[in-house]
Amino acid sequence: TSEGIQITFPKDAKPDGNKANFILFRTDDSNLDVKKEVTISQNYFIIPKKVITKGSYTLKLKWTENKIPYQIDYDILWK
13 TSEGIQITFP
23 KDAKPDGNKA
33 NFILFRTDDS
43 NLDVKKEVTI
53 SQNYFIIPKK
63 VITKGSYTLK
73 LKWTENKIPY
83 QIDYDILWK
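And the structure:
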């Protein structure tokens, strides 16, 4: 989105405590990594563009649902 990267969970997903953790690993400069716990409202959250610089990232998204851990990794090119 124009606000940043929107992460949307399926409507039937119910992360424990409505919380998820993400890490944006900057491929070429670890000083630009972003790590945060977020509260999920309305099944999505936004990583604000002000914390992201142009370049290549790997997004690691982690959460638990019914005490079962989940992780999804995405490669992202932010322009």
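Start counting the sequence shown at 13; every next residue gets the next number (our numbering). Glycine included, each C-beta is placed from N, C-alpha and C at the ideal position. Predicted, not measured: the structure shown is a model, and the values here were computed from it.
Since residue i is in the beta strand (DSSP E), which residue starts that stretch and which ends it?
i   : result
D41 : Segment: none, D41 is in no beta strand (DSSP E) and carries neither H nor E.
K47 : 46 to 51
P9  : One cannot answer for residue 9 here, as it falls past the ends of the chain, which runs 13 to 91.
Suppose the cutoff is 7 Å on Cβ atoms and the five residues either side in sequence are ignored; what does the same chain contact list for residue i look like?
i   : result
R38 : L44, D45, G67, Y69
Please work out which residues of its chain come closer than 6 Å, Cβ to Cβ, to residue i, disregarding the five sequence neighbours upstream and downstream, and give them in chain order.
i   : result
Q83 : K74
I17 : I59
F21 : N55
Could you give the DSSP three-state label for residue i: helix, strand or coil?
i   : result
D28 : helix
K62 : helix
F34 : strand
Could you check which residue in the options has the C-alpha nearest to that of residue i?
i   : options            : result
K47 : K62, D24, I35, N30 : I35
T13 : K79, F57, S53      : F57
L71 : N78, A32, K23      : A32
D54 : E15, I19, T65      : The sequence given here places Gln at residue 54; Asp does not occur at that position. Checked all of E15, I19, T65; the closest Cα to Q54 is I19.
T51 : T65, K26, K79      : K26
G29 : K79, L89, D40      : K79
Return yes when the C-beta of residue i is under 7 Å from any heavy atom of the ligand FMN, and no when it is not.
i   : result
S68 : Absence of the ligand FMN is noted for the structure shown, with no ligands found whatsoever.
If I measure Cβ to Cβ from residue i and keep anything under 8 Å in the same chain, skipping five residues before and after, which residues do I get?
i   : result
K91 : K66
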